[in-house]
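Participant: Residue numbers (the working numbering): 1124 to 1551.
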Ligand SMILES: Cc1ncc(COP(=O)(O)O)c(C=O)c1O
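#1: For residue 1134, count the other beta carbons within 10 Å of its own beta carbon; 16 or more makes it buried, fewer makes it exposed. Which is it?
#2: Under 7 Å Cβ to Cβ from residue 1435, same chain only, skipping five residues before and after it: list those, please.
#3: Using 8 Å as the threshold, is the C-beta distance between residue 1376 and residue 1350 below it?
#4: What is the DSSP secondary structure of residue 1542, reduced to helix, strand or coil?
#5: What residue ranges within the region 1391-1474 form continuous beta strand (DSSP E) runs of no fewer than 3 residues, ordered along the chain?
#6: How would you label residue 1546, buried or exposed, when you count the other beta carbons within 10 angstroms and need 16 or more for buried?
#7: Considering Cα atoms alone, identify which of 1312, 1430, 1468 and 1151 is closest to residue 1193.
#8: Considering only residues of the same chain and omitting the five flanking positions on each side of residue 1346, which have a CB-CB separation below 7 Å?
#9: Following a CB-centred definition, is residue 1322 positioned closer than 7 Å to any heavy atom of ligand 1?
#10: Does the beta-carbon of residue 1325 have 16 or more other beta-carbons within 10 angstroms, so that it is buried, or is it exposed?
#11: Once the 5 residues before and after residue 1462 are set aside, which same chain residues still bring their CB inside 8 Å of it?
#12: Report the three-state DSSP secondary structure of residue 1325 (helix, strand or coil).
#13: Hey, how far is the Cα of residue 1226 from the Cα of residue 1265?
#14: Could you please give me the residues that DSSP links to residue 1562 through a beta bridge?
#15: Is residue 1150 near ligand 2 - that is, is its Cβ less than 7 Å away from at least one heavy atom of it?
#16: Using the Cα positions of residue 1497 and residue 1383, report the straight-line distance between them to the nearest angstrom.
#17: Report all residues from its chain with a CB closer than 6 Å to the CB of residue 1428; omit the five preceding and five following residues, and keep chain order.
#18: Just to confirm before moving on: does the CB-CB distance between residue 1282 and residue 1269 stay below 8 Å?
Shown next, in the form of structure tokens:
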């Protein structure tokens, strides 16, 4: 029988609680001063790359990504959409991707009038399982879009090998994984092109913004042509054959000079913050080693995650309670750790053209023409993951916080000790 001080907050006990989270993102004094200078300078828009704030951001991106060609844009979605355009994915082309991600990894494909085809994922990490890719390849497949979800690097060796064998482009979505490495090479540097988000909740957070990196200057120019004002065309190296296509039929995906300043500055402290994030998550994971009902993924030597979130699976069968009850009990104690992807993306209503009654989307007609039937998608591991998964943001882990990690783990242990009481609660 648990002592009365151990009574769960969900059942009327005293919550353990966590210290107030530090603010995120953090901008240095230099960054703030530089923003003020841009505002005082009066030039809010960088219509061409000669604006020093934009070129400085692109230099910072490039130097973080092994001198790859960089394009700073307005969001992660913009970067991914332009990445697809950069590798010439177009209407009717199929792009193999993951059913377990943030929707923008899929909507970028839909916005290019291409057709998402869903491979399966690993049951614990939720990352695309390379073994499930080849069964998805058809004559219309043009690319694989892989997501480094929660800061975990996907198996790029296997994915690039499959892509090479079948002549497919590889697009990486590194939006949640700035600084993660696979085989000691940064994510974003493996495929043909990569898109990253820098919105306010990301590892490298500016507020809004994103960027694309590629080893091929031509991919960058193609992305640039549909993204930016024609003022960019006189940049050195602009291919003359593209001049007739320079016009203002654009997606306006340009970055603001303010966000560009912040982006360049955030890169300066990224590795330092990552080291602290890794130390905190490492300590938390070791504190959770003896957890009865939380299963954490294990990573081989090849993977160095950057920990945007900590993912785990809840062992509902062993616990004898639902994940929902467990999550509610954690929340009542002050710990927010719950499911991030509500259901496999192919199940989402806006991808079902048969019988769809909601507001119109630009992709419905394409999906209908391609006769997609996502109800037939074979993704048992994704369903397994969606049913059990719990994710915790690690954005508050950029300051040393060993004690907080221990407190956090003590909440999990308290709830686990009291699982009988939760079973009783559920039975009522
Ligand atoms: C995996 C993933 N891809 C793409 C995006 C899109 O980024 P943004 O919100 O900057 O458009 C996000 C952001 O939330 C994301 O988490």
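Positions of the beta carbon are idealized from the N, C-alpha and C atoms, including for glycine.
Quick caveat, the model's predicted, so the values are computed rather than measured.
Facilitator: The relevant details are as follows:
#1: Classification for residue 1134: exposed.
#2: When the five nearest sequence neighbours on each side are left out, the beta carbons in the same chain lying within less than 7 Å of the beta carbon of residue 1435 are those of 1417, 1418, 1419 and 1513, in order along the chain.
#3: With contacts defined by Cβ atoms closer than 8 Å, residue 1376 and residue 1350 form a contacting pair.
#4: DSSP places residue 1542 in helix when its eight states are reduced to three.
#5: For the region 1391-1474, whole beta strand (DSSP E) runs of length 3 or above, ordered along the chain, are 1432-1437.
#6: Burial is judged here by how many other beta carbons sit within 10 angstroms of a residue's own beta carbon; residue 1546 has fewer than 16 and is exposed.
#7: Answer by Cα proximity: 1312.
#8: Result list for residue 1346: 1194, 1205, 1206, 1208, 1209 and 1335, in chain order.
#9: Yes, ligand 1 has a heavy atom inside 7 Å of this Cβ.
#10: That one is buried.
#11: Taken in chain order, the residues that qualify are 1446, 1450, 1509, 1512, 1513 and 1514.
#12: It is coil, neither helix nor strand.
#13: Rounded to the nearest angstrom, the two C-alpha atoms are 20 Å apart.
#14: The structure shown does not extend to residue 1562, since the chain spans only 1124 to 1551, so no value can be given for it.
#15: This structure lacks ligand 2; its bound ligands are ligand 1.
#16: So the two alpha carbons sit approximately 39 Å from each other.
#17: Scanning its chain for C-beta atoms nearer than 6 Å, with the 5 sequence neighbours on each side dropped, one finds around residue 1428 the residues 1274, 1275 and 1303, in chain order.
#18: Contact: yes.
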